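Peer 1:
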Amino acid sequence: MVEDRAPGGRWAPGGPSLYSARTALALGAEVTLFTALTPWYDRAVLEGIELRTVAAEMCPRYANTYDASGDRTQLLLEEGPELKPAAMGLPPAADALIVAPAFHELAAIPGFRARFVAVSLQGALRSVAADRRVVPANDPIARAKPFAVEGAFLFLSEEDTADPDALAHFCMSRGATVFVTRGYRGATLYREGVETHLDPLPANPVDPTGAGDCFATAFIVRMAETGDLAASCQFALAAGAIATEAVGLDGVPTRAQVEDRLKVAAR
Numbered sequence: 002m003v004e005d006r007a008p009g010g011r012w013a014p015g016g017p018s019l020y021s022a023r024t025a026l027a028l029g030a031e032v033t034l035f036t037a038l039t040p041w042y043d044r045a046v047l048e049g050i051e052l053r054t055v056a057a058e059m060c061p062r063y064a065n066t067y068d069a070s071g072d073r074t075q076l077l078l079e080e081g082p083e084l085k086p087a088a089m090g091l092p093p094a095a096d097a098l099i100v101a102p103a104f105h106e107l108a109a110i111p112g113f114r115a116r117f118v119a120v121s122l123q124g125a126l127r128s129v130a131a132d133r134r135v136v137p138a139n140d141p142i143a144r145a146k147p148f149a150v151e152g153a154f155l156f157l158s159e160e161d162t163a164d165p166d167a168l169a170h171f172c173m174s175r176g177a178t179v180f181v182t183r184g185y186r187g188a189t190l191y192r193e194g195v196e197t198h199l200d201p202l203p204a205n206p207v208d209p210t211g212a213g214d215c216f217a218t219a220f221i222v223r224m225a226e227t228g229d230l231a232a233s234c235q236f237a238l239a240a241g242a243i244a245t246e247a248v249g250l251d252g253v254p255t256r257a258q259v260e261d262r263l264k265v266a267a268r
């Protein structure tokens, strides 16, 4: 699990695995979270989630600042431990597996049977400069390759690497379906050799934190429910839009909110 340094210096729970777990729970899924936890981590944000954890002396810690246009500068203050899910009591199977490392906690997709596998590539594509700034990795294809497996759904932001289109095409060539999210400009779907632009749904953005994780989780939850790619894309776009309209975890969308946003968009 991740802690983000908030204004005033306090530490707030965050990170892709927390946003993914909270979103899946809010959408009505039964959620098991595999993670490392420090003794002081705020367990209140994990209520309702089944936990499989290992003890950690430190979790990944980030400090984020945004400029007037919403561009983020991020510092990695602590890296956190490597995760070994096989030692944490993996269940035999599930409808969906969401792999969402904050940095380099996982080297590949865990050996785990799931009908649908989603991978947030953001953490894997991160590197750290000498001043602790988080920057795109110089070797994005090498970083993504262990996760770019046939049938997997991969998610990244256009800000995660210098050439997201090239990385998406590489992953697609290995049989993965790839989403590149583009903020207020929507997203691009790369699947079976075809690029498809996904128009955004209207939103009144306040804070973009976690929106990509909400998008990815909403997509894979809906795919597990319906198997309908187009409907799942719209469901994800609605969830991502809602996630930007409140600060932090307060933006995690409920199913009712997503369904209401889709009804409005359909008018």
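Each residue of the sequence shown is one higher than the one before, starting from 2 at the first, in this note's numbering.
Backbone N, C-alpha and C fix where the C-beta goes; we use that ideal spot for every residue, glycine too.
A quick note: this is a predicted structure, and the numbers were derived from the prediction, not measured.
1) How many angstroms separate the CA atom of S128 from the CA atom of E80?
2) Is it the case that the region 225-240 contacts the region 34-50, given that we only count it when at least three CB pairs across the two stretches are under 8 Å?
3) Any idea what DSSP makes of A125, helix, strand or coil?
4) Would you please state the rounded distance, in angstroms, between the beta carbons of M89 and R53? I believe it to be under 8 Å.
5) In the DSSP assignment, what are the bridge partners of Y67?
6) With 16 as the cutoff for other CB atoms within 10 Å, does Y67 come out buried or exposed?
7) Would you mind sorting R62 into buried or exposed? The rule is 16 or more other CB atoms within 10 Å of its CB.
8) Please name the residue, chosen from N205, G187, P254, E4, that lies closest to L76 on a Cα-to-Cα basis.
9) Could you check if D161 is buried or exposed, using at least 16 other CB atoms within 10 Å of its CB as the buried criterion?
10) From the DSSP output, read off the bridge partner residues of S158.
11) Mind checking D229: buried by the 16 CB within 10 Å criterion, or exposed?
12) Could you check which residue in V179, Y185, L199, A167 has the C-alpha nearest to that of A119?
13) Using a Cβ-Cβ cutoff of less than 7 Å, which residues in the same chain neighbour D200 once the five nearest sequence positions on both sides are dropped?
14) Are the Cβ atoms of T218 and I99 separated by less than 8 Å?
15) To the nearest angstrom, report how far apart I50 and L26 are at their CA atoms.
Peer 2: Looking at the atomic coordinates:
1) Rounded to the nearest whole angstrom, the CA to CA distance from S128 to E80 is 11 Å.
2) The region 34-50, when compared against the region 225-240, does not touch it at the 8 Å Cβ threshold.
3) Per DSSP, reduced to three states, the secondary structure at A125 is coil, with no helix or strand assignment.
4) Right, the Cβ-Cβ distance comes to about 5 Å (below 8 Å), so this counts as a contact.
5) According to DSSP, which records beta bridges pairwise, Y67 is partnered with R73.
6) Under this definition Y67 is an exposed residue.
7) With 16 or more other Cβ atoms within 10 Å, it is buried.
8) Selected option, being the one with the closest Cα: E4.
9) Counting Cβ neighbours within 10 Å, D161 comes out buried, since at least 16 surround it.
10) According to DSSP, residue pairing for S158 in a beta bridge involves T182.
11) Of the other Cβ atoms in all chains shown, fewer than 16 fall within 10 Å of the Cβ of D229; this residue is therefore exposed.
12) Residue V179 is the option with its Cα nearest to A119.
13) Closer than 7 Å at Cβ, skipping near neighbours: G187.
14) Closer than 8 Å, so yes.
15) Straight through space, the alpha carbons of L26 and I50 are spaced by roughly 7 Å.
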